[in-house]
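J.:
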Amino acid sequence: MTDEPLEPHPITGQLFASPVPPGTGWPGDPATSRTPVAETADAVHRLAASSDDVAVLDARVSVCRACPRLVAWRESVAREGRRASFADQPYWGRPGPGFGDLDAPALIVGLAPAANGTNRTGRMFTGDRSGDWIYAALHRTGFANQPTSEHAGDGLELTGVRIVAAVRCAPPENKPTPTERATCGAWLDRDLQLAEPHLRSIMTLGAIGWNAVLAAARRIGWEVPRPKPRFGHGVEVELATGSGTVVRLLGCYHVSPHNTFTGRLTEPMLDDVLRRLR
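Residues in the sequence shown are numbered consecutively from 1, following my numbering.
Listed below in structure tokens is the structure:
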């Protein structure tokens, strides 16, 4: 039993505590009460490396507690720091697992969850303005079955693409530290390794995602061009996996409100890069 107040999920109406305990019925929760929890960077490396498939990896990601600052922040937002418009909703308050087609030939890598987006809904790029942009574009380009992504449990499905992040917890001021990025990198390493047999293209949203993919690719033994390719919108480079398969890496400006409000990133620009993932 828990002493935490219980509140109704906005889609299902089921009652949950904030943060949401694993295995209690949250839509799309990949973990159970028995999922092993990484408490240190070494444990992240061990549990990531021993994840036999994407489902196991996502479950372990979703209960990670290896970065004390991030754990404290995500849980404080879930309990006391909620946006007023969501004050009556339970908050996920855990790391954001990957979302989408488990055998997708295309991968999208973002920066990190938003405090009142993924940290609230439990699904990558869901429940905030960035999510409004990326999922509308994924629908326009044929990857999503609907143009909206409001909350886990709303019926959204992706085909041919999977979404992950360089950092899986919402960071204060949207700024993970170098140590936090390095710790979380082991999860991305394993994402790439598990995707390798069917992966053909990767799109990164912003320079941090770009740099995270290049670093992960080197760590797992892929060939990366030298000098290090520079991020830019629409830039495309080729990476070679350990088996010699070519994976195309494409850069895209992040779907942040700053970029979309100012016109630095437009719908046609985003759609163009997404279509090149095929």
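Every residue, glycine too, gets a C-beta built ideally from N, C-alpha and C.
The alpha helix (DSSP H) spanning residue 134 covers which residue range?
T.: Position 134 of the sequence shown, counting from 1, holds the residue named residue 134. That run of the alpha helix (DSSP H) goes 129-140.
J.: If we call anything under 8 angstroms between Cβ atoms a contact, is residue 74 one with residue 93?
T.: Counting from one through the sequence shown, the residue named residue 74 turns up at place 74. Counting from one through the sequence shown, the residue named residue 93 turns up at place 93. Yes. Within cutoff.
J.: Give me the Cα-Cα distance between residue 210 and residue 204, rounded to the nearest whole angstrom.
T.: Within the sequence shown, the letter at position 210 stands for residue 210. Within the sequence shown, the letter at position 204 stands for residue 204. One C-alpha to the other measures close to 5 angstroms.
J.: Nearest CA to the CA of residue 342: which residue from 101, 3, 42?
T.: With the chain covering only 1 through 278, there is no way to say anything about residue 342.
J.: Kindly indicate which residue of 271, 116, 229, 28 has the alpha-carbon position closest to the one of residue 89.
T.: Translated into positions along the sequence shown, residue 89 becomes position 89. Minimum Cα distance to residue 89 is reached at 116.
J.: What would DSSP say about residue 220, mapped onto helix, strand or coil?
T.: Along the sequence shown, one-based indexing puts residue 220 at 220. Residue 220 falls in the coil class under three-state DSSP.
J.: According to DSSP, which residues form a beta bridge with residue 203?
T.: Residue numbering aside, residue 203 sits at position 203 when the sequence shown is read from its first letter. Answer is 108, 250, bridged to residue 203.
J.: Report the partner residues of residue 100 according to the DSSP bridge assignment.
T.: To locate residue 100, count along the sequence shown from 1; it is residue 100. DSSP lists 162 as partners of residue 100.
J.: Taking the alpha helix (DSSP H) that residue 195 falls in, what are its first and last residues?
T.: Translated into positions along the sequence shown, residue 195 becomes position 195. First-last of the alpha helix (DSSP H) with residue 195: 178-195.
J.: Assign residue 150 to one of three DSSP states: helix, strand, or coil.
T.: Indexing the sequence shown from 1 puts residue 150 at position 150. Looking at residue 150 - three-state DSSP - the assignment turns out to be coil, as it is neither helix nor strand.
J.: For the alpha helix (DSSP H) that contains residue 238, what are its first and last residues?
T.: Taking the first residue of the sequence shown as 1, we reach residue 238 at position 238. Element bounds for residue 238: not the alpha helix (DSSP H) but the beta strand (DSSP E), 236-240.
J.: To the nearest angstrom, how far is the alpha carbon of residue 215 from that of residue 159?
T.: Translated into the one-based positions of the sequence shown, residue 215 becomes position 215. Translated into the one-based positions of the sequence shown, residue 159 becomes position 159. Cα-Cα distance, rounded: 27 angstroms.
J.: When you compare the segment 162-172 with the segment 106-115, are there three or more beta-carbon pairs, one atom per stretch, that lie closer than 8 angstroms?
T.: Because the criterion of three Cβ pairs below 8 angstroms is met, the segment 162-172 and the segment 106-115 touch.
J.: Going by DSSP, what residue range makes up the alpha helix (DSSP H) through residue 270?
T.: As a working note, residue 270 is residue 270 in the sequence shown. Looking at the DSSP string, the run of the alpha helix (DSSP H) that includes residue 270 is 267-275.
J.: Can you check whether the CB of residue 170 is closer than 8 angstroms to the CB of residue 77?
T.: The residue labelled residue 77 in the question sits at position 77 within the sequence shown. The residue labelled residue 170 in the question sits at position 170 within the sequence shown. Yes, the pair counts as a contact, with Cβ atoms nearer than the cut-off.
J.: Going by beta carbon distance, what residues of the same chain come within less than 7 angstroms of residue 31, once the five residues before and after it are set aside?
T.: Position 31 of the sequence shown, counting from 1, holds the residue named residue 31. Excluding sequence neighbours, residue 31 sits near 22, 23, 59, 62, 63.
J.: Of all the options 146, 212, 157, which has the alpha carbon lying nearest to the alpha carbon of residue 176?
T.: Looking up residue 176 in the sequence shown gives position 176. Nearest C-alpha to residue 176: 212.
J.: Using CA atoms only, rank isn't needed, just tell me which of 144, 149, 141, 138 is closest to residue 128.
T.: Along the sequence shown, read from residue 1 onward, the residue named residue 128 stands at position 128. Of 144, 149, 141, 138, the residue nearest in Cα terms is 149.
J.: Taking the alpha-carbon of residue 222 as reference, which of 182, 135, 189, 140 has the nearest alpha-carbon?
T.: By one-based count along the sequence shown, residue 222 stands at place 222. Cα-wise, what sits closest to residue 222 is 189.
J.: Where does residue 255 land, buried or exposed, given buried means 16+ other C-beta within 10 angstroms?
T.: As a position in the sequence shown, residue 255 is number 255, starting the count at 1. Buried: at least 16 other Cβ atoms inside 10 Å.
J.: State the DSSP-derived secondary structure class of residue 5, mapped to helix, strand or coil.
T.: What you label residue 5 is simply residue 5 of the sequence shown in a count that begins at 1. Residue state, collapsed to three classes: coil.
J.: Are the CB atoms of residue 104 and residue 161 nearer to each other than 8 angstroms?
T.: Here residue 104 corresponds to residue number 104 of the sequence shown, with the count starting at 1. Here residue 161 corresponds to residue number 161 of the sequence shown, with the count starting at 1. Yes. Within cutoff.
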